[in-house]
Amino acid sequence: MVMSEWIESVLQSEERLAIPIMTHPGIEMINKKVIDAVKNGEIHFKAVEAIHNNFPGAAANIMMDLTVEAEAFGCKINFSEDEVPNVASRIVYDEKSINDLPVPSLQNGRVPEYLKAAKLAAEKIKSKPVFAGCIGPISLAGRLFDMSEMMTSLYIEPEMIKILLGKCTDFLKKYVFEFKWLGANGVIMAEPAAGLLSGDMCDEFSSNYIKEIVDEVQDDNFLFILHNCGNTGQATQSMISTRAHALHFGNKIDIVGVLNEVPGNILVLGNLDPVGVFKLSDTETIYNETLNLLERTAMHKNYIISSGCDLPPGVPLENVNAFYNALSFFNK
0 MVMSEWIESV
10 LQSEERLAIP
20 IMTHPGIEMI
30 NKKVIDAVKN
40 GEIHFKAVEA
50 IHNNFPGAAA
60 NIMMDLTVEA
70 EAFGCKINFS
80 EDEVPNVASR
90 IVYDEKSIND
100 LPVPSLQNGR
110 VPEYLKAAKL
120 AAEKIKSKPV
130 FAGCIGPISL
140 AGRLFDMSEM
150 MTSLYIEPEM
160 IKILLGKCTD
170 FLKKYVFEFK
180 WLGANGVIMA
190 EPAAGLLSGD
200 MCDEFSSNYI
210 KEIVDEVQDD
220 NFLFILHNCG
230 NTGQATQSMI
240 STRAHALHFG
250 NKIDIVGVLN
260 EVPGNILVLG
270 NLDPVGVFKL
280 SDTETIYNET
290 LNLLERTAMH
300 KNYIISSGCD
310 LPPGVPLENV
320 NAFYNALSFF
330 NK
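Residue numbering for the sequence shown follows numbering that gives the first Met the number 0, starting at 0 and increasing by one per position.
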């Protein structure tokens with residue numbers, strides 16, 4: 000699939016497309032637990048396939064699990080049956096431990112299982128793009144160093160953090176390139192920690208590193224989608240500066256304001272609240288919220304409606320159906 004042509008087809012489409020970021024409803028549809036999918040690439044793929052077979056999304060997404068890369072570096076991960084994994088503790092504390100930290104192999108931890116899920120999806124799903132997923136550099140660094148400690152060190156020891164960011168970037172280049180080599184049509188990079196930064200700091204400690212990855216992997220056949228769910232507006236120009244051809248926004252931001260700011264040749268995705276709307280609302284509310292968002296963004300051809308972030312476990316399937324029913328009504 001030529002992704003530059005796919006982008007052009009989106010821009011020329013008379014219908015609005017939808018790409019909610021969701022894998023957990025698929026896990027539940029195949030009667031598996033979260034822990035099964037995050038540890039087994041075949042089960043993970045079956046969940047992606049279930050979403051593909053049952054909902055008319057414009058792309059298939061690999062799970063957004065922001066612990067895989069940290070585990071590859073050596074972090075201990077806490078697992079539970081029905082909740083997303085989380086990082087248990089930091090592994091670097093100072094300049095020496097950062098300098099001693101090796102850039103890991105793609106054979107470490109659960110990385111091979113996530114590569115397997117992407118490979119199977121790329122082989123089996125041919126009617127739409129398959130997007131892999133990964134964490135962003137500063138969000139990964141924050142898991143390795145501890146986010147609160149890192150936010151302080153950005154001001155008092157910035158060069159030390161930049162050494163860590165360089166190692167995170169080197170690993171992410173390898174990881175994303177492997178997804179590309181295995182046949183994925185693009186990647187969604189989640190960089191929520193960048194939303195904690197001012198625009199200038201986002202440039203210095205996030206976007207400049209992401210730009211390195213974008214320049215190496217993005218081309219006519221591979222789309223780079225940058226997700227920042229923490230951005231409330233201060234980081235939008237920084238996100239644009241990465242040269243990613245698609246930007247994904249969380250529910251904290253006014254998406255119409257974003258669309259007025261982002262150039263029309265860059266795809267904009269977002270931003271229905273994954274918890275407050277998708278998980279906790281009733282079907283009537285999600286239908287109306289979806290329709291309202293579609294109507295407010297109707298004049299922008301570069302917009303794809305999506306969730307503001309990965310849908311959590313426990314989202315009712317009837318709510319997902321209500322979202323797509325609103326989309327269908329709007330397109331008619």
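Virtual Cβ for every residue (Gly too), placed ideally from N, Cα, C.
Query raised in the report: Is the segment 128–142 close to the segment 152–167, with three or more CB pairs under 8 angstroms?
Result: yes
Query raised in the report: Along the chain, where does the alpha helix (DSSP H) that runs through V67 open and close?
Result: Locating residue 67 in the sequence shown gives position 68, where the first residue counts as 1. For V67, the enclosing alpha helix (DSSP H) covers residues V67 to F72.
**Report entry** C-alpha gap between T66 and V9, whole angstroms
**Finding:** The count along the sequence shown starts at 1 and reaches residue 66 at position 67. The count along the sequence shown starts at 1 and reaches residue 9 at position 10. Computed Cα separation, rounded: 32 angstroms.
Query raised in the report: S305 bridges to which residues according to DSSP?
Result: Here residue 305 is taken as the residue at index 306 of the sequence shown, counted from 1. BP columns for S305 point to N270.
Report task. Work out the CA separation of P24 and P312 for me, nearest whole Å. Result -> Numbered from its first residue, the sequence shown carries residue 312 at position 313. Numbered from its first residue, the sequence shown carries residue 24 at position 25. Roughly 7 angstroms separates the two Cα atoms.
Query raised in the report: Looking at K173 and L105, is the spacing between their C-beta atoms short of 8 angstroms?
Result: As a first step, residue 105 must be located in the sequence shown, where it is residue number 106. As a first step, residue 173 must be located in the sequence shown, where it is residue number 174. Result yes, Cβ atoms of L105 and K173 sit closer than 8 angstroms.
Query raised in the report: Quick one: Cα of T284 to Cα of Y92, how far?
Result: Looking up residue 284 in the sequence shown gives position 285. Looking up residue 92 in the sequence shown gives position 93. Between T284 and Y92, the C-alpha separation is close to 46 angstroms.
Requested in this report: Give the secondary structure of L333 by DSSP, where H, G and I count as helix, E and B as strand, and everything else as coil.
Outcome: This structure does not reach residue 333, given that the chain is present from 0 up to 331, and the question cannot be answered.
Report task. Within the segment 141–211, note down every full beta strand (DSSP E) run reaching 3 residues or more, in order along the chain. Result -> 185–189
Query raised in the report: To which residues of the same chain is V216 closer than 8 angstroms at the C-beta, ignoring the five residues directly before and after it?
Result: Position 217 of the sequence shown, counted from the start, is the residue given in the question as residue 216. Once the five neighbours on either side are set aside, the close Cβ partners of V216 are K172, V175, F176, K179, V186 and F223.
Query raised in the report: Are at least three pairs of beta-carbons, each pair with one atom in the segment 113–129 and one in the segment 26–43, less than 8 angstroms apart?
Result: Result yes; three or more Cβ-Cβ pairs closer than 8 angstroms.
Query raised in the report: In or out: I29 buried (at least 16 other Cβ within 10 Å) or exposed?
Result: Here residue 29 is taken as the residue at index 30 of the sequence shown, counted from 1. A residue is called buried once 16 or more other Cβ atoms fall within 10 Å of its Cβ, and I29, having fewer, is exposed.
Query raised in the report: Can you name, in chain order, every residue of its own chain whose Cβ lies under 6 angstroms from the Cβ of A49, other than the five neighbours on each side?
Result: Reading the sequence shown from its first residue, position 50 is the one you call residue 49. Answer for A49: G25, M28 and I29, listed in chain order.
**Report entry** Complete runs of the alpha helix (DSSP H) confined to the segment 236–293 [at least 4 residues]
**Finding:** 254–260
Requested in this report: Would you grab the beta carbon distance between A183 and A245 for me? Rounded to a whole angstrom, and I think it's under 8 angstroms.
Outcome: The residue given as residue 183 occupies position 184 in the sequence shown. The residue given as residue 245 occupies position 246 in the sequence shown. With 8 angstroms as the limit, A183 and A245 do not qualify as a contact, their Cβ atoms being about 14 angstroms apart.
Query raised in the report: Buried or exposed: where does M62 fall if 16 or more other Cβ atoms within 10 Å of its Cβ makes it buried?
Result: For the purposes of this step, residue 62 is identified with residue 63 of the sequence shown, where counting begins at 1. By the 10 Å Cβ count, M62 comes out buried.
Query raised in the report: What is the residue span of the beta strand (DSSP E) that I29 lies within?
Result: The count along the sequence shown starts at 1 and reaches residue 29 at position 30. Segment: none, I29 is in no beta strand (DSSP E) and carries neither H nor E.
**Report entry** Sheet register partners of L225 (DSSP bridge)
**Finding:** Your numbering for residue 225 matches position 226 in the sequence shown. By DSSP's assignment, L225 forms a beta bridge with M188 and L246.
Report task. Pull up the DSSP beta-bridge partners for G132, would you. Result -> On the sequence shown, position 133 is the one that residue 132 refers to. Answer is I187.
Query raised in the report: If you draw a straight line from the C-alpha of F78 to the C-alpha of F322, how long is it?
Result: Position 79 of the sequence shown, counted from the first residue, corresponds to residue 78. Position 323 of the sequence shown, counted from the first residue, corresponds to residue 322. C-alpha separation (whole angstroms): 30 angstroms.
Query raised in the report: What first and last residue would you give for the alpha helix (DSSP H) that runs through I20?
Result: Position 21 of the sequence shown, counted from the first residue, corresponds to residue 20. Premise fails: I20 is in no alpha helix (DSSP H) and is neither H nor E.
Query - Neighbourhood of L290 by C-beta, 8 angstroms cutoff - its chain only, sequence neighbours within 5 removed - result: Locating residue 290 in the sequence shown gives position 291, where the first residue counts as 1. Excluding residues within five positions, the ones whose Cβ falls inside 8 angstroms are A325, F328 and F329.
Query raised in the report: Exposed or buried, V1, counting other C-beta atoms within 10 Å across all chains shown (16 or more means buried)?
Result: In the sequence shown, residue 1 corresponds to position 2, counting from 1. V1 is exposed by the Cβ-count criterion.
Query raised in the report: Straight-line CA distance for K300 to G73?
Result: Position 301 of the sequence shown, counted from the start, is the residue given in the question as residue 300. Position 74 of the sequence shown, counted from the start, is the residue given in the question as residue 73. Those two C-alpha atoms are separated by around 43 angstroms.
Query - Status (buried if at least 16 other CB within 10 Å, exposed otherwise) for P128 - result: Position 129 of the sequence shown, counted from the first residue, corresponds to residue 128. With 16 or more Cβ atoms within 10 Å of its Cβ, P128 is classed as buried.
Query - Burial state of G249 (16 or more Cβ within 10 Å) - result: The residue you call residue 249 lines up with position 250 of the sequence shown. G249 should be labelled buried.
Query raised in the report: Would you report the Cα separation of T235 and S206, rounded to the nearest angstrom?
Result: In the sequence shown, counting from the first residue as 1, residue 235 sits at position 236. In the sequence shown, counting from the first residue as 1, residue 206 sits at position 207. One C-alpha to the other measures close to 11 angstroms.
**Report entry** Of the listed residues Y302, H226 and D253, nearest to G232 (C-alpha basis)
**Finding:** Counted from its first residue, the sequence shown places residue 232 at position 233. The residue with the shortest Cα to Cα distance from G232 is D253.
**Report entry** Rounded separation between N220 and I6 - CA only
**Finding:** Within the sequence shown, the letter at position 221 stands for residue 220. Within the sequence shown, the letter at position 7 stands for residue 6. Rounded to the nearest angstrom, the two C-alpha atoms are 11 angstroms apart.
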